[in-house]
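Shown next, in structure tokens, is the structure this report addresses.
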Amino acid sequence: MALRDYERKRNFEVTPEPKPSRRTSHGKLLYVIQKHAASHLHYDFRLEWNGVLLSWAVPKGPSLDPSVKRLAMHVEDHPVEYGGFEGVIPEGEYGGGTVMVWDRGTWEPEVADVDAALAKGDLKFTLRGEKLRGSWVLVRTPRGWLLIKHRDEFASKEDVLVKQPRSVVSHKLLAEIASENGGDVEKAAKGDAPPKTSR
Ligand code: MN
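According to my numbering, the stretch in the sequence shown is residues -8 to 190, in order.
Right under this line is the structure:
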């Protein structure tokens, strides 16, 4: 049910993205960020919940600086298997472009009732990724959700997007993933270049 939009938008005869097969989770909840050089570069932030990956597209990517609020656009649920996808979505297909597993690990809610927190638009959680750790919040505002780091020992002024640009799975840059999978290397390489704005 929740994956209907995901299926509707994709032609699985053409895209290498996984076909949904609802799986039940075993204990720990998956957290993943996929860097996606589509028509516009963005970071897809995903949290496993109720057997799917809740998903937000973060155009500027996450910031470790608690004073920086990053817009996170809520998008369709993705299958849990999607969290392992790294490769090239063919041009002309939905989301066409190169995808990198930029960070991956587990997450834990900091609230007793996740569904209620999501409905209210204020979800606090802990990330245990390779790059992002500690306490974060997703908060819904009239112009969209915001992804914000809480103050803790993992907060930093360092730009993690610039310092750690590579895949946590293959250790490749977007251009390398594009080149090895028949993707648009030039477009992917633009996503590897440091962002023009830091906020
Ligand atoms: Mn995307």
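For glycine and all other residues, C-beta sits at the position ideal for the given N, C-alpha and C.
Burial state of residue i (16 or more Cβ within 10 Å)
{"i": "Ala166", "result": "buried"}
{"i": "Val153", "result": "exposed"}
{"i": "Glu144", "result": "exposed"}
{"i": "Thr132", "result": "exposed"}
{"i": "Phe3", "result": "exposed"}
{"i": "Arg(-5)", "result": "exposed"}
{"i": "Gly173", "result": "exposed"}
{"i": "Ala48", "result": "buried"}
{"i": "Asp183", "result": "buried"}
{"i": "Gly191", "result": "Residue 191 lies beyond the range of the chain shown here (-8 to 190); nothing can be said about it."}
{"i": "Gly191", "result": "With the chain represented from -8 up to 190, any question about residue 191 goes unanswered, as that position is not in the structure."}
Nearest to residue i (by Cα), restricted to the options the options
{"i": "Arg142", "options": "Lys163, Leu164, His162 and Lys115", "result": "Lys115"}
{"i": "Ile139", "options": "Tyr(-3), Ala108, Val59 and Trp40", "result": "Val59"}
{"i": "Val151", "options": "Pro133, Leu137, His162 and Leu123", "result": "Leu123"}
{"i": "Gly88", "options": "Ala180, Leu(-6), Arg(-5) and Ala184", "result": "Ala180"}
{"i": "Asp56", "options": "Gln155, Glu171, Pro156 and Glu149", "result": "Glu149"}
{"i": "Ala169", "options": "Ala29, Asn2, Phe3 and Ala108", "result": "Ala29"}
{"i": "His69", "options": "Ser12, Val128, Lys163 and Glu4", "result": "Ser12"}
{"i": "Arg134", "options": "Arg61, Arg1, Val92 and Ala108", "result": "Arg61"}
{"i": "Glu82", "options": "Thr97, Val5, Thr117 and Ile24", "result": "Val5"}
{"i": "Trp40", "options": "Gln25, Gly52, Val49 and Lys19", "result": "Lys19"}
{"i": "Trp136", "options": "Met64, Gly120 and Pro185", "result": "Met64"}
{"i": "Glu86", "options": "Val128, Glu(-2) and Asp113", "result": "Glu is not the amino acid found at residue 86; the sequence shown has Gly there. Gly86 has its Cα closest to that of Glu(-2), out of Val128, Glu(-2) and Asp113."}
{"i": "Glu101", "options": "Trp127, Pro50 and Glu121", "result": "Trp127"}
{"i": "Ile24", "options": "Val79, Glu171, Ala107 and Val159", "result": "Val159"}
Continuous alpha helix (DSSP H) stretch holding residue i: start and end
{"i": "Asp35", "result": "Run containing Asp35: none in the alpha helix (DSSP H); it sits in the beta strand (DSSP E), Leu32 to Trp40."}
{"i": "Asp106", "result": "Val105 to Lys111"}
{"i": "Gly182", "result": "Val176 to Asp183"}
{"i": "Ser170", "result": "Leu165 to Glu171"}
{"i": "Asp(-4)", "result": "Arg(-5) to Arg(-1)"}
Delimiting residues of the beta strand (DSSP E) encompassing residue i
{"i": "Leu62", "result": "Lys60 to Pro70"}
{"i": "Leu21", "result": "Leu20 to Ala28"}
{"i": "Arg193", "result": "For the chain, the structure presents residues -8 to 190; residue 193 sits outside this window and is missing."}
{"i": "Gly78", "result": "Gly78 to Ile80"}
Contact test: residue i Cβ vs the ligand GDP heavy atom, cutoff 7 Å
{"i": "Asp68", "result": "The ligand GDP is not part of this structure, which contains only the ligand MN."}
Which residue spans inside the segment 117 to 151 form an unbroken alpha helix (DSSP H) run of at least 4?
-> none
Sequence-ordered residues whose beta carbon comes within less than 6 Å of a heavy atom of the ligand MN | His27, Ala29, His33, Asp35, Ala48 and Gly86
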